[in-house]
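The sequence shown begins at 1 in the working numbering and counts up by one. Positions of the beta carbon are idealized from the N, C-alpha and C atoms, including for glycine. Below: the structure, in structure tokens.
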Amino acid sequence: MTLILTERNLEDASNVAKHLKKEFAPVMQLPAVEGLRASKLSHSLGVHRMTCQRIVKLKTSDDATPHLLTQIPGVTGLQEFLDALIAAGVSKEVLSGAHEAIDSFATFLNCIGLSQTKLATALSLHYESTDPEKRLQRRTKLFDAAASLMGQSMESTISIMAFKNHPSEAFNFEQIAIRGYAGISASHSAMPIRLPINAAFSDFRKVEGSEAAREPQSLIDAFCTTPLPTIDARMIKEENLAHIINPEHIPDGELFDCFASQQSMWKIDKPGMHKSIWLYNDYPSRSCTFDVYMPEGIALHNSFSADCHLWGTSLLAPPEDLWMTRFSTQLEYIPLGRGISESDSPFYTCHKELTEHMFNIKGWNPDEFFGFRCQMTMPVWRSGICLVIEEH
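In structure tokens, the structure reads:
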């Protein structure tokens with residue numbers, strides 16, 4: 001029998017626990033029970049001491065959660081306890097509600113096909129895999145291993161972008177973007193660090209380089225560590241322009257920051273109803289913040305959501321529908337609202353100033369834009385953070 005619990009199973013378990021706790025509350029206040037320790041209760045009722053120790057959980061437990069069902073006696077033990085109270089002179093009518101709650105417990109276990117012991121195992125497995133703290137611990141181990149293997153790591157990966165409609169015939173969108181890393185650590189034996197370009201998809205089709213007129217990236221001196229690292233532009237397969245950070249002037253392993261800006265013009269003939277923008281987590285990073293700002297017209301006529309996927313597979317499914325590569329929800333999606341008043345980030349102290357700098361490059365008024373943020377602590381290495389944009 002499977003040990004996998006569904007959300008419906010957990011909801012039903014919570015309801016059973018609440019029912020038991022409610023109906024046993026007056027039972028635990030009966031003169032034959034109230035104030036007695038487990039050993040005394042066991043002796044007076046002739047019930048096993050362990051059963052009495054566990055039944056006290058129905059009174060002392062603060063929450064009626066599914067875990068309560070694994071801490072109290074089983075169906076047989078609960079029934080034996082009530083039978084002992086009847087033998088001690090408590091009327092059956094007083095205990096009718098408790099009997100009904102026990103029946104609900106038995107019905108629940110029968111429906112999911114698990115004993116109380118196997119339910120405890122199933123719950124342990126469920127919370128082991130879904131508990132946020134457990135997930136963070138596993139991602140932290142992945143970060144440590146990847147940083148050791150690559151000889152590179154980032155305190156924070158940051159991407160901030162703003163889009164605006166463009167009225168000319170040659171282009172229909174223009175964009176300004178800032179991409180970089182805070183707290184870069186790189187050994188001199190490691191490869192240079194690439195500043196990648198965010199990927200964009202329109203109706204499950206990748207927006208190709210021929211549809212974008214990109215200016216070269218420019219280092220943002222005010223947000224880069226001094227002495228500045230060098231940045232090289234290299235052609236890959238005669239199509240993709242890669243910008244490479246060479247930390248040759250930085251002492252081995254010493255932390256440094258590097259940010260660059262880039263302006264682009266876009267000509268997308270058929271933007272489509274389903275659009276997405278992707279940030280690729282190339283390097284092990286302790287945090288990731290991906291902000292996208294849209295003008296009011298686009299922001300109010302589209303819905304926004306976030307997702308996280310394994311990057312770089314050869315599967316044929318479209319990026320927005322890669323359910324077979326999707327990581328379970330660990331990414332935080334935050335609407336930032338109008339302007340940049342809410343753009344501070346716990347991961348980088350100068351995040352708001354960096355955002356202001358981006359808008360100043362184009363002379364755009366940030367109050368004409370709405371912001372959307374995807375962020376994660378210890379993002380999954382080699383994953384793609386995705387902001388999904390869909391027309392209403």
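So residue i is in the beta strand (DSSP E); what residue range does that whole segment cover?
i	result
ILE220	First-last for ILE220: undefined, no H or E at that position.
THR377	369-377
CYS288	287-295
TYR333	332-338
ASP307	302-310
ASN165	152-165
Rounded to a whole number of angstroms, what is the C-alpha to C-alpha distance between residue i and residue j?
i	j	result
HIS392	GLU211	25 Å
GLY294	ILE385	The residue asked about is misnamed: residue 294 is Met in this sequence, not Gly. About 18 Å.
LEU406	HIS19	Any answer about residue 406 is impossible in this case: the structure gives the chain only from 1 up to 392.
PRO111	ARG382	Checking the sequence, you will find Cys at residue 111 rather than Pro. So the two alpha carbons sit approximately 41 Å from each other.
LEU157	TRP364	First, the residue type needs correcting, since residue 157 is Thr and not Leu in the sequence shown. Going from the Cα of THR157 to the Cα of TRP364 covers about 24 Å.
GLY113	PHE369	53 Å
GLY35	GLU100	25 Å
GLN263	ASN360	12 Å
ASP144	LEU95	57 Å
GLN79	VAL292	59 Å
TYR127	GLU169	55 Å
LEU41	SER104	25 Å
LEU5	PRO132	17 Å
PHE290	HIS249	28 Å
Around the C-beta of residue i, are 16 or more other C-beta atoms found within 10 angstroms, so that it is buried, or is it exposed?
i	result
LEU30	exposed
ARG373	buried
GLY253	exposed
THR355	buried
SER303	exposed
GLY180	buried
GLY337	exposed
LEU82	buried
By Cβ distance, which residues of its chain are closer than 8 Å to residue i, with the 5 residues on each side in sequence left out?
i	result
ALA32	SER44, LEU45, LEU85, ALA88, GLY89, VAL90
MET376	SER287, CYS288, CYS308, GLN330, LEU331, GLU332, ILE385
Got a sec? Which residues, its chain only, sit under 7 Å from residue i by beta carbon, not counting five neighbours each side?
i	result
ALA38	ARG49, CYS52, GLN53, VAL56
LEU125	LEU3
ASP12	PHE108
THR411	No statement about residue 411 is possible, as the shown extent of the chain runs from 1 to 392 and does not include it.
Excluding the five sequence neighbours on either side, which residues of its own chain have a C-beta within less than 6 Å of the C-beta of residue i, listed in chain order?
i	result
ILE334	ARG373
ARG326	HIS309
Given the structure, does residue i come close to the ligand GDP, in the sense that its CB is under 7 Å from one of the ligand's heavy atoms?
i	result
ILE231	By its list of ligands, the structure shown contains no ligand whatsoever, and the ligand GDP lies outside what it can speak to.
Using 8 Å as the limit for Cβ to Cβ distance, is residue i near chain E?
i	result
LEU114	Although the question refers to chain E, the structure presented lacks it and comprises just one protein chain.
Name the two residues that bound the continuous alpha helix (DSSP H) containing residue i.
i	result
GLY97	96-112
GLY77	75-87
Three or more C-beta pairs below 8 Å linking the segment 157-165 and the segment 136-147: no
Can you confirm whether the segment 7-23 touches the segment 66-77 when touching is taken to mean that 3 or more C-beta pairs between the two stretches lie within less than 8 Å? yes
Do the segment 186-205 and the segment 148-157 make contact, defined as three or more Cβ pairs closer than 8 Å? Note that the segment 186-205 touches the segment 148-157; at least 3 beta-carbon pairs, one per stretch, sit closer than 8 Å.
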